[in-house]
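Using my numbering, you'd call the opening residue of the sequence shown number 46 and step up by one each time.
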Amino acid sequence: MARIRTIKPEFPHSESMGEVSREARLLFILLWTLADDEGRLRGNSRMLASLLYPYDDDAPGQIDTWMGELETEGCVVRYVVEGTTYLQI
C-alpha cells in the first residue's frame, strides 16, 4: 500500500493553517504520513511523538497542545473506540 502524500502549494496560505502554530502545522503534515487512505490513524499521543519526532525530546510533552490547536480548527477529530484513541484528518 503506497502512502506517498503531497503538499499543495496553497497549503501555507490556508486560513485554518494561519490560525495554528508552526509546530501544529508541521504535526498536521506529518500525520498525513501515517494516515490510511480515508485519513484515519491511531491517535495515542506518546506513540505519535515517538514515530513522528524520534529526535525531539520535547515532543511528547507538546503534541497534545499541537493536536488541540488542530482540533479547534477542525483539521483533525479525535475519537475513542473500545478504549483506543484514533484520529480522522
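Just so it is clear, CB atoms sit at the ideal spot from N, CA and C, and this is done for glycine as well.
Residue i in three-state terms, based on DSSP
i, result
"Thr18", "A question about residue 18 goes unanswered here, because the residues of the chain that appear run from 46 up to 134."
"Leu86", "strand"
"Met46", "Low confidence applies here, because Met46 scores a pLDDT of 49, under 50, leaving its location unreliable and the question unanswered by this model."
"Ala80", "coil"
"Glu114", "helix"
"Gly119", "coil"
"Pro105", "helix"
Through-space distance from residue j to residue i, alpha-carbon basis
i, j, result
"Thr51", "Glu127", "32 Å"
"Ile74", "Val125", "22 Å"
"Ser95", "Pro105", "8 Å"
"Met46", "Leu93", "Note that Met46 scores a pLDDT of 49, beneath 50, so its modelled location is shaky; the value from the coordinates is reported in the next line. So the two alpha carbons sit approximately 20 Å from each other."
Beta-bridge partners of residue i, as assigned by DSSP
i, result
"Tyr137", "The chain is shown only over 46 to 134; residue 137 falls outside these bounds and no answer can be derived."
Buried or exposed (CB count within 10 angstroms, at least 16 for buried), residue i
i, result
"Ile49", "exposed"
- prompt: Below 8 Å, can you find three or more Cβ-Cβ pairs linking the stretch 58 to 73 to the stretch 108 to 125?
  reply: yes
field: Sufficient close CB pairs (3 or more, under 8 Å) joining the stretch 79 to 97 to the stretch 117 to 132
entry: yes
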